[in-house]
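For reference, the structure discussed in these notes is given below.
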Amino acid sequence: MSAQTSAGAGSASAGRRTAFGAQPVAAAGVPLDDVDRAILRALEADGRMSNKDLADRVGVAASTCHARVAALRARGVLRGFHADVSPEALGRGLQAIIAVRLQAAARARLGAFARGLAERPEVRDVYLLGGAEDVLVHVAVQDSPALRAFVVEHLSTRHEVAHTQTSLVFEHLHAPTATR
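The letter at position 103 of the sequence shown is residue 102 when you use numbering that gives the first Met the number 0, and the numbering goes up by one with no holes.
As structure tokens, then:
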């Protein structure tokens with residue numbers, strides 16, 4: 000499960016919240032220089048490297064590197080560090096993406112609905128959408144009966160849900176990096 004920490008403190012948007020209640024991502028166009036980009040690329044490749052190793056790789060002093068990482072976090076550019084745990088290792092080898100459309104009258108409660116889903120242990124990610132569907136939910140469950148139970152108990156029987164469509168994930172490929 001992805002555990003990300005939002006670090007919006009000190010950013011221009013620190014007072015605003017997203018529908019989930021978390022700080023928004025740094026505004027588009029946040030200025031990044033070559034050192035910032037090098038730090039981000041290195042951390043995407045290995046988020047566990049020490050500050051000294053990161054500084055050596057980027058070619059700056061350790062104190063400079065530490066200050067840069069802190070600034071990237073404060074500006075909301077570097078949102079956190081997480082472990083990428085295999086769902087199969089946790090006995091959840093069946094993954095699915097579920098598209099959810101809410102009743103028109105329920106859209107005002109979209110944030111609360113999404114937060115509730117995000118708290119479920121089966122849920123890996125929740126995406127709020129613009130378009131025909133309102134929410135995409137990425138789940139990892141033990142098997143087909145567990146998937147059916149999740150859809151029935153937590154989605155299709157809820158009064159605010161108008162429609163669901165479930166697609167099975169055959170393979171999950173991670174994009175190399177966002178800083179390419």
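The beta carbon of each residue, even a glycine, is placed where N, CA and C say it ideally should be. These numbers come from a predicted model, not from an experiment.
Boundaries of the alpha helix (DSSP H) in which residue i is found, first to last residue
i: His65; result: 61-73
i: Ala44; result: 33-44
i: Val160; result: From DSSP, Val160 is part of no alpha helix (DSSP H) but of the beta strand (DSSP E) over 160-168.
i: Ala117; result: 109-117
Distance, residue j Cα to residue i Cα
i: Arg47; j: Arg123; result: 22 Å
i: Val57; j: Ala107; result: 46 Å
i: Gly130; j: Ala60; result: 47 Å
i: Ala73; j: Val29; result: 12 Å
i: Gly75; j: Ala69; result: 10 Å
i: Ala82; j: Leu31; result: 25 Å
i: Glu87; j: Glu170; result: 12 Å
i: Asp142; j: Gly90; result: 9 Å
i: Phe112; j: Ser62; result: 43 Å
i: Thr156; j: Leu109; result: 16 Å
Residue range of the beta strand (DSSP E) that includes residue i
i: Leu128; result: Run containing Leu128: none; DSSP gives neither H nor E here.
i: Val57; result: Segment 50-57 is the alpha helix (DSSP H) holding Val57; no beta strand (DSSP E) there.
Other residues of its chain near residue i: CB distance less than 7 Å, five sequence neighbours each side excluded
i: Phe149; result: Glu121, Val138, Val140
i: Val99; result: Glu132, Asp133, Val134, Val136, Leu154, Val160, Thr163
i: Phe80; result: Gly46
i: Leu167; result: Ala95
i: Val125; result: Ala113, Leu116, Ala117, Val134, Val136
i: Val34; result: Val57, Val59, Arg67
Same chain, Cβ closer than 6 Å to residue i, neighbours up to 5 away in sequence not counted
i: Leu71; result: Leu77
i: Ile38; result: Val57, Arg67
i: Gln102; result: Glu159, Ala161
Residue i burial status per 10 Å Cβ neighbour count (16 or more: buried)
i: Pro202; result: Residue 202 lies beyond the stretch modelled for the chain, which goes from 0 to 179, so this question has no answer here.
i: Val104; result: Here the sequence assigns Ala to residue 104, which means Val is not the residue at that position. Exposed, by the Cβ-count rule.
i: Leu128; result: exposed
Own chain residues within Cβ distance below 8 Å of residue i, not counting five before or after
i: Leu53; result: Ile38, Ala41, Leu42, Cys64, Val68
i: Leu146; result: Leu93, Ala95, Val138, Val140, Thr165
Interface flag, residue i vs chain D, CB-CB below 8 Å
i: Glu43; result: The chain inventory of the structure shown lacks chain D, comprising one protein chain alone.
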